[in-house]
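>
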Amino acid sequence: MKQFPAWWPSSGLWRHGDFLKLWSAQVTSAFGSRISRTALNMVALLTIGAEPWEIGVLAALGVAPGVLVGIFLGGFIDSHAKRPILVGCDLVRAVLLVTVPAAAWFDVLTMSHLFVVAAGMGAATTLFQIADNTYLPVLIGRQHLTEGNAKLEATDAVAEIGGPGISGVLVELITAPFALLADTVTYLVSAFFLFRIRAQENLDHVSRQSGAILADIIMGVRACLDGGIVKTLFFVAVLEAFFVAFTYGGMYSVFVLQTLGLGPATYGVLVAMGGVGALLGALIARRAARVFGLGAAMFVLIVCGRVAALTLPFAYDDGWLSLLLLAFHQFVSDAFVVAYLIHAMSLRQTILPQAVLGRANAAFHVTAGLLMPFGAAIGGVLASEISVYAVIWTGVIGGFIAPVVLWRSPIWKLRAMPAPI
163 MKQFPAWWPS
173 SGLWRHGDFL
183 KLWSAQVTSA
193 FGSRISRTAL
203 NMVALLTIGA
213 EPWEIGVLAA
223 LGVAPGVLVG
233 IFLGGFIDSH
243 AKRPILVGCD
253 LVRAVLLVTV
263 PAAAWFDVLT
273 MSHLFVVAAG
283 MGAATTLFQI
293 ADNTYLPVLI
303 GRQHLTEGNA
313 KLEATDAVAE
323 IGGPGISGVL
333 VELITAPFAL
343 LADTVTYLVS
353 AFFLFRIRAQ
363 ENLDHVSRQS
373 GAILADIIMG
383 VRACLDGGIV
393 KTLFFVAVLE
403 AFFVAFTYGG
413 MYSVFVLQTL
423 GLGPATYGVL
433 VAMGGVGALL
443 GALIARRAAR
453 VFGLGAAMFV
463 LIVCGRVAAL
473 TLPFAYDDGW
483 LSLLLLAFHQ
493 FVSDAFVVAY
503 LIHAMSLRQT
513 ILPQAVLGRA
523 NAAFHVTAGL
533 LMPFGAAIGG
543 VLASEISVYA
553 VIWTGVIGGF
563 IAPVVLWRSP
573 IWKLRAMPAP
583 I
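Numbering (the numbering used here), first residue to last: 163 to 583.
Okay, structure coming up:
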């Protein structure tokens, strides 16, 4: 039995040895992901001198392969042990990233090289996320999912606050390509912690035949649409992905940097405020469910998040009032939305059968991955033809459709987590 020091928390998942290993893995990889997200673009801009269209291609390649992974590998995740998949994804990402400083050292780094790295990273990261979401119920039991998701989301929020800043410092000290070495180390550390997890998975439920990819896709979509609760979560996620893309799919940076005329440093501080809000959301999620009941808490949280977003289009210049509105929007909106997402993820992981959870998670990822670029593209056209403010208002007002769907669903009546199907 694992021994903990006297000052260690006396209850909860902090006493769960395997969860601590998973949490430690995600602490390191979350910071690493923020480093590579920032540093990879800096490598393209500062080291290679990339054109704007090349940066766009680089961003697209970080997303598109993940959609393909979600389509084809949901069944693979369900039918195989998750821990080796997670370890493998970490090792693949470490190998991909280390090639960038190696190529820079020998002066052979090109945009084609970065395109391959971005595509591989996008595919491996999506596979990791789907497997991770499917593995958590196996590791800690469904009764602890809300606590587990809250702790992992808090970790992610801290990484969002500090990761980009660490990346900037590393780029200044050792240049952009070699800053990626730090990310390589984080993935190796993450793989080490995951490798040390000792919990055994039960795959007795698996009945999948090889080559049944189309059947896997159909089963994943059917699982998302079968039953009022999961179907509601699916449609809310679809609506959120589409309308959030209006506000954040490139238009937010255009709005802050060009329309309002604020500087990059201010932009970075605003993004960090969102991370602080997300951390608060992770801390209040469980308390909100205790106070309101699960369904009512989810409704209140998502409504408050949408109401807080209304402050965004009222920012009109680079003055102090606009700064306050932007900071309020980032902090408060992210806090409520993250708290909602913790319950939504926990509810999905609880109610879906473990045998199809990987395929259902893949369907969620693929749908969001397809709709967000679509919404961002429509937003870009509207911004060009009308104005950036029109896009922001469309995204903010459209975001209220999701709470209406939630209100008219069976979720509204839930007092606590239901029994698994």
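Note that beta-carbon positions come from the ideal geometry of N, C-alpha and C, so glycine has one too.
Quick caveat, the model's predicted, so the values are computed rather than measured.
Alpha helix (DSSP H) containing Val351: first to last residue?
Note, Val351: alpha helix (DSSP H), 338-357.
> Quick check on Trp574: does DSSP put it in helix, strand or coil?
Note: Trp574 maps to helix in three-state DSSP.
> In chain order, what residues of the same chain lie with their CB nearer than 8 Å to the CB of Val418, ignoring the 5 residues before and after it?
These residues qualify, in order along the chain: Leu424, Thr428, Tyr429, Leu432, Leu488.
> Within 10 angstroms of the Cβ of Gln492, are there 16 or more other Cβ atoms? Answer buried if so, exposed if not.
Buried, since its Cβ has 16 or more Cβ neighbours within 10 Å.
> Checking 8 Å against the spacing of the C-beta atoms, do Gly560 and Phe405 come in under that value?
In contact: Gly560 and Phe405 (Cβ atoms closer than 8 Å).
> Counting only runs of 3+ residues fully inside the region 175-262, write out the beta strand (DSSP E) ranges in chain order.
Counting only runs of 3 or more, we get nothing.
> Under the rule that 16 or more other beta-carbon atoms within 10 Å means buried, what is Gly373, buried or exposed?
Only weak support is given to the placement of Gly373: the predicted model assigns it a pLDDT of 48, under 50, and the question is left unresolved by the model.
> Apart from the five residues on each side of it in sequence, which residues of its chain come closer than 6 Å, Cβ to Cβ, to Ser544?
Residue identity check: residue 544 is Leu in the sequence provided, not Ser. So the list reads Ala552, Val553, once near-sequence residues are dropped.
> Using a Cβ-Cβ cutoff of less than 6 Å, which residues in the same chain neighbour Val528 once the five nearest sequence positions on both sides are dropped?
Excluding positions up to five away in sequence, the list reads Val229, Gly232, Ile233.
> In whole angstroms, what separates the C-alpha of Asn311 from that of Phe193?
In a straight line, the C-alpha of Asn311 is about 17 Å away from that of Phe193.
> Alpha carbon to alpha carbon, how far is Ala206 from Leu276?
Distance between the alpha carbons of Ala206 and Leu276 is about 8 Å.
> Leaving out five residues before and five after Ile584 in sequence, what residues of the same chain have Cβ atoms less than 7 Å from its Cβ?
Given that the chain is displayed from residue 163 to residue 583, the structure contains no residue 584 and the question cannot be resolved.
> Determine the burial state of Pro546: buried for a count of at least 16 other Cβ atoms within 10 Å of its Cβ, exposed for fewer.
The sequence given here has Ser at residue 546, not Pro. When all chains shown are included, Ser546 counts as exposed.
> Spatial neighbours of Leu576 within its chain, please: CB distance less than 6 Å, with the 5 preceding and 5 following residues excluded, ordered by chain position.
Leu456, Gly457.
> Relative to the C-alpha of Val189, which candidate in Ala321, Val347, Ala477, Ile375 has its C-alpha closest?
Nearest of Ala321, Val347, Ala477, Ile375 to Val189, Cα basis: Ala321.
> Would DSSP call Leu568 helix, strand or coil?
Three-state result, Leu568: helix.
> Quick check: what's the CA-CA separation for His242 versus Ser198?
Cα to Cα, the separation comes out at about 29 Å.
> Compare the beta carbon distance of Thr473 and Pro580 with 8 Å and say whether it is the shorter of the two.
For Thr473 and Pro580, no; Cβs fall outside 8 Å.
> Quick check: what's the CA-CA separation for Ile336 versus Leu503?
So the two alpha carbons sit approximately 37 Å from each other.
> Quick check on the DSSP output: the alpha helix (DSSP H) that includes Leu276 runs from which residue to which?
First-last of the alpha helix (DSSP H) with Leu276: 273-302.
> Pull up the distance between the alpha-carbon of Val558 and that of Ile359, whole angstroms please.
Each residue's Cα considered, the two are about 42 Å apart.
> Hey, would you say Val438 sits closer than 8 Å to Ile323, going by beta carbons?
Contact: yes.
> Candidates Ile302, Arg449, Asp496, Ala353: which alpha carbon is nearest Gly179's?
Gly179 has its Cα closest to that of Ile302, out of Ile302, Arg449, Asp496, Ala353.
> Measure how close the beta-carbons of Ala447 and Ala501 come, nearest whole angstrom, since I'm counting them as under 8 Å.
Yes, Ala447 and Ala501 are in contact; Cβ-Cβ is about 4 Å, under 8 Å.
> Check for me: the alpha helix (DSSP H) holding Leu395 runs from which residue to which?
That run of the alpha helix (DSSP H) goes 390-410.
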